[in-house]
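To keep things clear, I will list the structure first and then write my remarks on it.
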Amino acid sequence: MTRIEFEADVFSPHGLTLLVDGSAQSHVDLGDPTRLFFEYLRRIGHVVDAIAAPGAPIAVLHLGGGALTLPRYVDATRPGSIQVVVDHDAELIDVVRAKAPWPASGIEVHIEDAAEAVRASAARGERFDVVVIDVYTHLDAPAFVDDPGFLAACLGLLGEGGVVVVNIADAAGLARLRTSARAFARADAGAELLAVGDTHVIDGGEEGNTVLVAAPGTLPPAVALRLEAGGPFPVTVLAGAKLDFVLWGAC
-6 MTRIEFEADV FSPHGLTLLV DGSAQSHVDL GDPTRLFFEY LRRIGHVVDA
44 IAAPGAPIAV LHLGGGALTL PRYVDATRPG SIQVVVDHDA ELIDVVRAKA
94 PWPASGIEVH IEDAAEAVRA SAARGERFDV VVIDVYTHLD APAFVDDPGF
144 LAACLGLLGE GGVVVVNIAD AAGLARLRTS ARAFARADAG AELLAVGDTH
194 VIDGGEEGNT VLVAAPGTLP PAVALRLEAG GPFPVTVLAG AKLDFVLWGA
244 C
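Just so you know, the working numbering puts 141 at position 148 of the sequence shown, and the rest follows in order with no gaps.
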């Protein structure tokens, strides 16, 4: 039986860490939802910040709920946003609802398989500014994460200027980042990609998280600028030829 619990954060009186079988899976600050503790979430937060004018409401599809840290951030920084959260784990969502309830302000939570949810959303003709894929457990993820058909469907949900953002947990060497980048290229040969992460992870020397951002056309220039300026540091942001060189070497 999976053990799901919250542990108090020693750095903040209102901070909680979500533990699944003793492993930290998410963090939320109930007193300040704009405080993003995990580095990869701070980087995704920068993408959210850059996707539209400050404070403007956006539409976000979150595939993977965790403690609903990012939905709370969007709700606090972009009031009035439309947010749909999809997670397959009803038990986890029940614990979060009981121990760290989220605001009742436009955040819809659905217990559903992510791939099925994307298909259903496409059938309804829904459009989003950001689609976030955050479904890794340790270094493992469902097979659909690297399925070109699934990624093409995610790209198809985007409105003009929208992006798909994937959290990737990788061993040293960036094998999972390469797999994800290759899957996006097969999903849409014209997609523009950007990867960001701690410099020591991006250079392949350490295990850690990278964030891959994809757009079916051109990525908004503000995204790279915000990621470079916002940290956490040291940070490496790669796109275009620089990303190709790191992933595939000289061609």
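Where a beta carbon is used, it is the ideal one built from N, C-alpha and C, also for glycine.
Of the residues assessed, W241 falls on the exposed side of the cut-off, its CB having fewer than 16 other CB atoms within 10 angstroms. Counting the other Cβ atoms within 10 Å of the Cβ of V3 gives fewer than 16, which makes it exposed. Taking 8 Å as the upper bound for CB-CB distance, I37 and L63 are in contact here, some 6 Å apart.
The beta carbons of A207 and L220 sit about 14 Å from each other, so the pair does not count as a contact at 8 Å. About 14 Å separates the beta carbons of V111 and V53, which is beyond the 8 Å limit, so they are not a contact pair. Here P225 is not near A43, since their CB atoms are 8 Å or more apart. Judged by DSSP in its simplified three-state form, L56 adopts strand. Assigned with DSSP and collapsed to three states, I37 falls in helix. Per DSSP, reduced to three states, the secondary structure at I195 is helical. Of the other Cβ atoms in all chains shown, 16 or more fall within 10 Å of the Cβ of G59; this residue is therefore buried. It is roughly 13 Å from the alpha-carbon of V189 to the alpha-carbon of G233. Between F238 and A93, the CB-CB gap reaches or exceeds 8 Å.
According to DSSP, residue pairing for V13 in a beta bridge involves I(-3) and S16. The Cβ-Cβ distance between L170 and R120 does not fall below 8 Å. When secondary structure is reduced to three states using DSSP, V3 falls in the coil class, being assigned neither helix nor strand. Bounds of any alpha helix (DSSP H) do not take in G118, whose DSSP letter is neither H nor E.
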